[in-house]
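> Let me begin by handing over the structure; questions about it come next.
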Amino acid sequence: MRPVKIVNPAKVSNGFNKLTGGAILVANKIRHAIMGYRTPRPFDAGQIARAVDYDFSVVGGWLDCLGQYCGDAAGLSGRRVLELGPGADLGVGLILLSMGAAKYTAFDVHNLAESAGEEFYDALFEKLSPQTDIEALRRELALAHNGSPNTLRYQCSSDFDLSVLDEGSIDLIVSQAAFEHFDDLERTIDQMTKLASPGAVLVCEIDLATHTRWIRDRDPLNIYRHSDAFYDRMKFRGSPNRVRPEEYRKMLADAGWSDIQQYPLAVLDENYMSRVSPTLAKKFRSKTNEMECLSIALCARINT
Ligand SMILES: C[S@@+](CC[C@H](N)C(=O)[O-])C[C@H]1O[C@@H](n2cnc3c(N)ncnc32)[C@H](O)[C@@H]1O
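Take any residue in the sequence shown, note its place counting from 1, add 43, and you have its number in my numbering.
Structure (structure tokens):
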């Protein structure tokens with residue numbers, strides 16, 4: 044398993060951070076109203092090598108968790124995979140197919156992947172193992188783009204209604220930095236449960252920190268400083284939902300997922316936490332919120 048990253052922002056200025064964060068929430072709301080949703084990747088789409096590396100690292104992260112969670116049974120071979128919120132391209136899907144997945148379906152609310160061009164896919168294919176049948180993957184990509192998908196499918200729907208997919212048709216559900224954006228998690232998790240085949244596994248990485256770039260490094264818990272009344276007024280579709288790990292675990296358990304395991308990926312330093320925790324909005328001050336967790340992976344399975 045990857046080592047847990049300990050984060051210790053240099054300065055703590057609670058009052059200033061709360062004010063600045065509030066101003067950023069207002070600015071983000073206005074920007075979203077004018078420009079719509081932007082995927083908050085920390086680099087721009089023109090950085091092709093970086094985007095390719097990112098996709099490999101995402102798959103590597105999931106496999107790492109799966110290895111820890113399922114041991115020998117972690118292989119992708121023959122698995123029908125669903126990715127929720129794939130973002131900017133279908134690179135992850137192509138990598139999973141190259142590793143033996145039988146089918147990959149990506150489901151999103153925004154059609155972000157249409158912007159990924161040939162240059163990106165050429166660079167990705169170059170990085171795949173030399174044994175890969177690249178021509179076969181190119182055909183799958185072309186079929187997906189032409190609207191007649193075979194093993195690679197990309198579906199977007201503004202209401203994020205997963206019930207359009209076939210029940211019991213998915214063996215592995217994966218997601219990276221997307222759950223924290225979902226509007227109606229209970230509905231999404233219930234729908235995931237119906238799609239899962241007996242023994243299906245979920246692995247998702249959830250980014251629990253503040254997303255806006257500048258303040259994220261200085262004050263990672265900034266979004267938790269604000270009251271529900273203010274945060275809800277500044278919310279827009281796709282802004283972080285502030286759902287905490289305990290709530291995710293409960294929703295999964297209530298929907299019938301079992302053996303739920305949580306792996307911390309990035310946590311805040313203890314001293315830093317003791318200075319910041321008492322200044323968060325009241326509902327986020329208790330230990331049960333695990334506010335030290337900035338990023339986690341969750342694994343769970345549906346019983347056979
Ligand atoms: C931070 S991006 C992550 C994308 C990709 N997994 C990655 O790691 O780059 C968040 C993803 O969640 C999706 N998303 C945003 N708001 C959503 C919503 N309200 N419901 C469902 N998905 C949403 C976005 O379209 C995007 O694919």
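Cβ coordinates follow ideal geometry from the N, Cα and C atoms, glycine included.
#1: Going by the DSSP bridge assignment, what does valine 95 pair with across the sheet?
#2: Between the C-alpha atoms of leucine 133 and phenylalanine 273, what's the straight-line distance to the nearest angstrom?
#3: Quick one: measure Cβ to Cβ for phenylalanine 99 and lysine 170, integer angstroms, because I've assumed they're closer than 8 Å.
#4: Report back the beta-carbon spacing between lysine 72 and phenylalanine 327 to the nearest angstrom; my notes put them in contact at under 8 Å.
#5: Roughly how many angstroms separate the alpha carbons of serine 270 and isoleucine 258, rounded to a whole number?
#6: Specify whether the stretch 304–312 and the stretch 209–219 touch according to this definition: at least 3 beta carbon pairs, one from each stretch, less than 8 Å apart.
#7: Work out the CA separation of valine 244 and methionine 235 for me, nearest whole Å.
#8: To the nearest angstrom, report how far apart phenylalanine 225 and tyrosine 197 are at their CA atoms.
#9: Does proline 173 come out as helix, strand or coil in the three-state DSSP assignment?
#10: With respect to 6 Å, is the separation between the Cβ of glutamine 219 and the closest non-hydrogen atom of ligand 1 below this value?
#11: How is glycine 242 classed by DSSP in three states: helix, strand or coil?
#12: Could you check where the beta strand (DSSP E) with serine 338 kicks off and where it finishes?
#13: By the 10 Å Cβ neighbour count, where 16 or more other Cβ atoms means buried, how is aspartate 262 classified, buried or exposed?
#14: Consult DSSP for arginine 123 and reduce its assignment to one of helix, strand or coil.
#15: Is the separation between the beta-carbon of leucine 106 and that of glycine 130 shorter than 7 Å?
#16: Going by C-alpha to C-alpha distance, which of Ser120, Arg81 and Glu157 sits closest to tyrosine 147?
#17: DSSP three-state label for tyrosine 80, please.
#18: Could you check if glycine 242 belongs to the surroundings of ligand 1, using beta carbon to heavy atom distance under 6 Å?
#19: Lysine 61: which of Ala343, Leu311 and Thr322 sits nearest, CA to CA?
#20: CA-CA distance, histidine 188 and isoleucine 138?
#21: What are the partner residues of glutamate 369, as DSSP defines its beta bridges?
#22: If you check the beta carbons only, do leucine 167 and valine 101 fall under 7 Å apart?
#23: In whole angstroms, give me the CA-to-CA distance for glutamate 223 and glutamate 333.
#24: Curious, which full-length beta strand (DSSP E) runs of at least 3 residues does the stretch 139–170 contain?
#25: Any contact between the stretch 289–304 and the stretch 340–347? By contact I mean 3 or more CB pairs, one from each, below 8 Å.
#26: Apart from the five residues on each side of it in sequence, which residues of its chain come closer than 7 Å, Cβ to Cβ, to methionine 44?
In short, the structure shows the following:
#1: Sequence index remark: in the sequence shown, residue 95 carries index 52 (1-based). Residue pairing by DSSP places valine 95 in no beta bridge whatsoever.
#2: Indexing the sequence shown from 1 puts residue 133 at position 90. Indexing the sequence shown from 1 puts residue 273 at position 230. Near 36 Å, if we compare the C-alpha coordinates of phenylalanine 273 and leucine 133.
#3: As a working note, residue 99 is residue 56 in the sequence shown. As a working note, residue 170 is residue 127 in the sequence shown. Yes, phenylalanine 99 and lysine 170 are in contact; Cβ-Cβ is about 7 Å, under 8 Å.
#4: For the purposes of this step, residue 72 is taken as the residue at position 29 of the sequence shown. For the purposes of this step, residue 327 is taken as the residue at position 284 of the sequence shown. Your pair lysine 72 and phenylalanine 327 does not check out as a contact, with CB atoms roughly 21 Å apart and the cut at 8 Å.
#5: As a position in the sequence shown, residue 270 is number 227, starting the count at 1. As a position in the sequence shown, residue 258 is number 215, starting the count at 1. Going by the C-alpha atoms only, they are around 18 Å apart.
#6: no
#7: Residue numbering aside, residue 235 sits at position 192 when the sequence shown is read from its first letter. Residue numbering aside, residue 244 sits at position 201 when the sequence shown is read from its first letter. One C-alpha to the other measures close to 11 Å.
#8: What you label residue 225 is simply residue 182 of the sequence shown in a count that begins at 1. What you label residue 197 is simply residue 154 of the sequence shown in a count that begins at 1. Each residue's Cα considered, the two are about 18 Å apart.
#9: Residue 173 sits at position 130 when you count from the first residue of the sequence shown. Three-state result, proline 173: coil.
#10: For the purposes of this step, residue 219 is taken as residue 176 along the sequence shown, with counting starting at 1. Checking the Cβ of glutamine 219 against ligand 1 gives yes.
#11: Position 199 of the sequence shown, counted from the start, is the residue given in the question as residue 242. Correct three-state label for glycine 242: strand.
#12: Position 295 of the sequence shown, counted from the first residue, corresponds to residue 338. For serine 338, the uninterrupted beta strand (DSSP E) run begins and ends at 336–345, by DSSP.
#13: Residue mapping note: residue 262 aligns to position 219 of the sequence shown, counting from 1. That one is buried.
#14: As a first step, residue 123 is located in the sequence shown; it is residue number 80 there, counting from the start. The answer is strand: DSSP assigns arginine 123 an E or B state.
#15: Residue numbering aside, residue 106 sits at position 63 when the sequence shown is read from its first letter. Residue numbering aside, residue 130 sits at position 87 when the sequence shown is read from its first letter. Against a cut-off of 7 Å, the Cβ pair of glycine 130 and leucine 106 comes out as no contact.
#16: Position 104 of the sequence shown, counted from the start, is the residue given in the question as residue 147. The shortest C-alpha separation from tyrosine 147 is found at Ser120.
#17: As a position in the sequence shown, residue 80 is number 37, starting the count at 1. Tyrosine 80 falls in the coil class under three-state DSSP.
#18: Locating residue 242 in the sequence shown gives position 199, counting from the first residue. Not under cutoff, so the answer is no.
#19: Here the question's residue 61 lines up with position 18 in the sequence shown. Nearest C-alpha to lysine 61: Thr322.
#20: Translated into positions along the sequence shown, residue 188 becomes position 145. Translated into positions along the sequence shown, residue 138 becomes position 95. If I take the Cα positions, the gap works out to 17 Å.
#21: Since the displayed the chain opens at 44 and closes at 347, residue 369 lies outside it and no answer follows.
#22: In the sequence shown, the residue the question calls residue 167 occupies position 124. In the sequence shown, the residue the question calls residue 101 occupies position 58. No, Cβ-Cβ distance for leucine 167 and valine 101 is not below 7 Å.
#23: In the sequence shown, the residue the question calls residue 223 occupies position 180. In the sequence shown, the residue the question calls residue 333 occupies position 290. When the Cα atoms are used, glutamate 223 and glutamate 333 turn out to be separated by approximately 15 Å.
#24: 146–151, all fully within the stretch 139–170.
#25: yes
#26: Position 1 of the sequence shown, counted from the first residue, corresponds to residue 44. Answer for methionine 44: Asp107, Gln111 and Tyr306, listed in chain order.
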